[in-house]
Each structure stands twice: as C-alpha cells, then as structure tokens.
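Engineer:
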Amino acid sequence: MSARYFCSELSSFNFKQYWRLYLLSRLVQLHVYLYIIYMDNSLSRMMIICGHHQKVGYQENGEAFLPRGKRMAGTGSFSEILDGENNVYKYYSEGEWRKSVSGKSVAIVNPTTRKTQYKVQACSQAEVNKVMEAAKIAQKAWAKTPLWKRAELLHKAAAILKEHKHPIAECLVKEIAKPAKDSVTEVVRSGDLISYCAEEGVRILGQGTFLVSDSFPGNERTKYCLASKVPLGVVLAIPPFNYPVNLAVSKIAPALIAGNSIVLKPPTQGAVSCLHMVHCFHLAGFPKSLINCVTGKGSEIGDFLTMHPGVNCISFTGGDTGISISKKAGMIPLQMELGGKDACIVLEDADLDLAAANIVKGGLSYSGQRCTAVKIVLVVESVADALMEKVNAKVAKLTVGPPEEDCDITPVVSESSANFIEGLVMDAKEKGATFCQTYKREGNLIWPLLLDNVRADMRIAWEEPFGPVLPVIRIGSVEEGINHCNASNFGLQGCVFTKDINKAMIISDAMETGTVQINSAPARGPDHFPFQGLKDSGIGSQGITNSINMMVKVKSTVINLPTASYTMG
Ligand code: G3H
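In structure tokens:
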C-alpha cells in the first residue's frame, strides 16, 4: 500500500464537496480518506488533507494501475531491474534480477545525444553456464504444464506489456532513436503478437496426427501411429537492435507456448527495452528460470552462447553474423533472418501515386533501418521521371530530427552505421549517381536522400545501407529488373507495382525472394503471415504459426496390433 497526499483549502466546510470528491475518487478506483487537520474559530475555513491508498500491483486481468507520473523506465514497478547505486540495469536469471559478479558493465549510447544513456551488466561465461543449467531444469517442468495454462500466462504477459507501453517505448526512443509513436506501436504490436501466439498455440499444438499402416504397400492395418508435437528444450533468442522488443517476443512467445524455456541475449542497443519487456513476463508470474535474459559483450559471451551445448534451438535476427553462427551452431534447428535488399519494381501501368507513397514509407520509415525496407527502386524508364517527381515531393515533406519529437527521419543507430552509409553515398557520388537532395549529415542524423541513375557498378546497387538513402535504377525492361533482383545475395522480400494482375503474378513467381508484395511495400506483418528469406537473407520461416512449428519436434507412438483391425470392418 502506498499513500499520496494532497491538500485543499476550502473556503467553507461543505459536505457536498466532500461527497463529490469521494465519489470521483471511487470512479478512478482510489480509496480516499479525508482528515480535518486545521480548523479556525469558526467552521468557515478548514484545511483538509485528502489521501488515497493505492495498491501497487496487478489486478486479476493483469492490468497495472500505477500513477501516471511513475510510469518511467527503471522506476515504479521497474525499479527492481535497476541497480540504482551504480545506475546499471540488472540481468535476469533464476527468476531474479541480478548484478553480474564480473563487476563490469556495457554502455549503451543514445544515437541522438551520442552520450551514454544506459548501462547493462557484462555477464560472464560462468553466469551463462548457470542460466543454461537452470533453463534446462525449468523447461522440463514447463513441458508438463497444461497448454491452456501456458496460454493463460502468455495472455497475462501481453496485457502487462501493453499496460507498460510508455516506459518501454521511452527506452526504445533513447536506445535506438525510434520515433516516439512508432516505439509505442512496437510495444502494442508485441502484446498483440503474444496473445495471438497463445491462441494459435492452443489450436495447433492441441492437434496431432493419426496414421494407419495399410496405406503403405505391403502393410495390413496392424499399426496405428500417433504423432504429436513436443518441445525442443532451451531456445536461444537473439533479436536485433531495430525491433528489440517485437523481434524478441516473436521468438519468446512461440517458444513458451510450445513448452520450451528461453535464454534471451538482447542486442546491446535495445538491451534496456528488452529487460523491461522481460520484467513484464516476470510480473505475469512465469515459473523461475523459464525465461532468462543475459546481457554483455558479444566478444565475451556471443560465441559462448551460440555454441553452448545446452542450447537446443537458435532463433536469430540480425546481420551476416547469422551466417557464422549457423556454421558453428551444430545439429540444432535454426531460424534466421539476416537482412535484405528488397527491390521495388515499378511498371509502366503502375498507379504512380500509390507506388511513390509506398517507396517513401517503405524505404524511409524508421530511417530505412528495417530489413524489409525498400532498398532499391527499379523503375521502367518511360515512367521514371513522373515517379521521381512524386517521390521527391513526398521526401521534401519528411520531418528530420529527434525521435522524441516524433520526426520521420531520426538519427541512425550508431556512428559506425552513419559512417558506413556515408561510404555508400560517396561511392555513388564518385561513380556519377544523380543526387535528388543535397547530402546532409549531423552526427548520426542523415537527411533523406534519393540517388537516381544508379548503376550496377555502384556499391549501393547491392549493399543494404540500413539508413535513409534510397537508390533508383532506371530499367529498359521488366526482365532487367527481375535479373537485378535475382543477382542479389539477398532474397528477403520484393514488391511490384502494376495494375495487371497477370503480369504481377509472373513477376512474383520469377523473383527469388521469400515474399513478393503486389502493390504495396515489403513488410513482415501482419505477424501471423509467413516470413522468410532466401539465400543470405536467412533460413527457416517465421510468422507466428511457422515459429511455433519450428520450435517443436514430432514425436510418434506406434501401437502394434497382433491382428489387422479395420474400422467397422
Ligand atoms: O527489420 C526486420 C523486421 O523484421 C521488419 O519488420 O516489416 O514490420 O518493419 P517490419
């Protein structure tokens, strides 16, 4: 119980006012008590102290009702995740928030201020070992927890997460410079993803298959096979910086509903958002050691984690580190999404307004730091001028500045990332690309830039900038566009703009990518859609259903009958 007080000086003692105040307080679920502490000679002036008892905790439905002022990262119900003495966020192991014995921390630099914003524990390999051991034991008990109960807890975590969208969004703004509104959207989307996953899990894991032997040549009906889906064990989840909450829960929720335990290794940039999100699972009441979160330097614990014998599955989203992880991981299921160079093919008959809107939104939202961003425009020469005019008009309207002000274009995640983007821009400049805007950079903030007349000998034609810079290649034919798309090492998504569905289908079939969007920019969501990359863009398929199915193995039990038995035979 906590109490807050406020004073009110009334010109006259008035029971009507008292009751109005009392009824209002009941409406907002506060328990009010009033104390008369001062009275002058007459009853005409009174000082009244009003206070309310407030429950700090959660209702049955998982809703928190902390006072608004307390809803800040690292405070209120999140205060236990912060070592306030040293101002370092703790890691989560065995159901508790802990300080690393290493005594070391990792600094997280705010991309906007370029100053240290947060610090997290630098966990040691010994601490990772302990987490792995505990996660293995916790998983065994969790696998025996009824499916409906697993789903119930996931729904509770989703509600708590959404209730705390503001403090978590605050971390996203500070750690990865995601615009404020998009940061809130990421948290809400994550809560929805968890709930959907709980429901989908109940449906798909509640079913198995039943086979009979006489369908295979040479067999009588003497064998009944019961196949069901069982958990893998410990799932190592490694999300990227650009969606640290959403792409963490897209791994955590399927793993948990399927009966696995989780070891989460957040990206450095985004770690504090992840820790807050994990605390929501803690508050939901998941068994201890089922969900664990270790922070630290990749050089210290990165390989150690991915090569750990206690890991039974890795779900990774990020860059080409994933390729080296896949070489070291051994014989365990892997799910990886490693970026893309998503092409946008615009045909002569396209709705150019629609195409322009999607190119700008698809290419430049979150400053182009999305694996599914439009990363190259391939436009048929005859409509190129008209398209570019529309696109440039939209680019001119984009706001550029800090994420707190909800600007469209915000600083990219790090100085090294900004330098890399600048390298691509300078290479294109040297080789003669047309700059549609003046190149401008302040710190990590890069103004949106379209590069027209890009050619295949420029790096930006093939590499993903992960920034607000969009190359455009003018093509002589659709085939040329498809060939460029298919010559890429990546194969995540692509899109085509045309009013002719027959042409769209032929182009979609020809594009070597995991998904092709017709008349819309590439995107992962809705989150239950299959999401997969070909070639260097990854292995396995994601999306809620595919992730659940990926995080289980099939177990069969065969009943052998002494004599053949035919139904109603
Ligand atoms: O950055 C990679 C994400 O999977 C992209 O997700 O299409 O929802 O932005 P999104």
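Taken in order, the sequence shown gives residues 5 to 573; the numbers are from the working numbering.
Note that CB positions come from ideal geometry on N, CA and C, so glycine has one too.
In this text, all values refer to a predicted model and were calculated from it rather than measured experimentally.
(1) What's the gap between the Cα of G323 and the Cα of D307?
(2) Compare the beta carbon distance of V500 and L351 with 9 Å and say whether it is the shorter of the two.
(3) Per the DSSP calculation, E341 is bridged to which residue(s)?
(4) Can you tell which of E385, V416, K539, K148 has the C-alpha that lies nearest to the C-alpha of D346?
(5) Under the three-state reduction of DSSP, which class applies to S293: helix, strand or coil?
(6) Which residues bound the beta strand (DSSP E) around V124?
(7) Going by the C-beta, is C489 closer than 8 Å to any heavy atom of the ligand G3H?
(8) When burial is assigned at 16 or more other CB atoms within 10 Å of the CB, is I464 buried or exposed?
(9) With a CB to CB cut of under 8 Å and the five nearest residues on each side skipped, what residues in its chain are close to W152?
(10) Taking a contact to mean a Cβ-Cβ separation below 9 Å, would you say A354 touches V387 in this structure?
(11) With respect to the alpha helix (DSSP H) encompassing K134, which residues constitute its N-terminal and C-terminal limits?
(12) Excluding the 5 residues preceding and the 5 following V558 in the sequence, name in chain order all residues of the same chain whose CB lies nearer than 7 Å to its CB.
(13) Secondary structure at N362, three-state DSSP: helix, strand or coil?
(14) Have a look at V416 and C175 and give me their C-alpha separation to the nearest angstrom.
(15) Write down the C-beta distance between I318 and L338 rounded to the nearest angstrom, noting that I regard them as a contact closer than 8 Å.
(16) Is N362 a contact residue of the ligand G3H, with contact defined as CB to any heavy atom under 8 Å?
(17) Beta strand (DSSP E) containing M453: first to last residue?
(18) Which runs of the alpha helix (DSSP H) spanning at least 4 residues fall entirely within the segment 434-489, listed in chain order?
(19) What three-state label does DSSP hand T310 in the structure shown?
(20) Give the secondary structure of K74 by DSSP, where H, G and I count as helix, E and B as strand, and everything else as coil.
(21) Going by DSSP in three states, R102 sits in which element: helix, strand or coil?
(22) So does the segment 451-470 actually touch the segment 290-307, counting three or more Cβ pairs closer than 8 Å?
(23) Quick one: residues in its chain with C-beta nearer than 8 Å to the C-beta of N448, no 5 flanking neighbours on either side, listed in chain order?
(24) Here's the rule I'm using: 16 or more other beta-carbon atoms within 10 Å means buried, otherwise exposed. How should S481 be labelled?
(25) Please confirm whether any heavy atom of the ligand G3H lies closer than 8 Å to the CB of N246.
(26) Considering only residues of the segment 250-307, which uninterrupted beta strand (DSSP E) runs meet the minimum length of 3 residues and lie entirely inside it, listed in chain order?
(27) Less than 9 Å separating the beta-carbons of E190 and Y247?
Structural biologist: Reading from the atomic positions:
(1) 15 Å
(2) yes
(3) T321, G542
(4) K539
(5) coil
(6) 120-125
(7) no
(8) buried
(9) V206
(10) yes
(11) 129-147
(12) A231, K233
(13) helix
(14) 16 Å
(15) 5 Å
(16) no
(17) With the sequence shown as reference, residue 453 is identified as Leu, and Met is not the correct amino acid for it. Unbroken beta strand (DSSP E) run through L453: 453-456.
(18) none
(19) helix
(20) Low confidence applies here, because K74 scores a pLDDT of 42, under 50, leaving its location unreliable; read the following figure in that light. Note: K74 maps to helix in three-state DSSP.
(21) strand
(22) no
(23) P115, T116, R118, A181, P415, V416, V417, S418, E419, S421, A422
(24) exposed
(25) yes
(26) 265-268, 295-297
(27) yes
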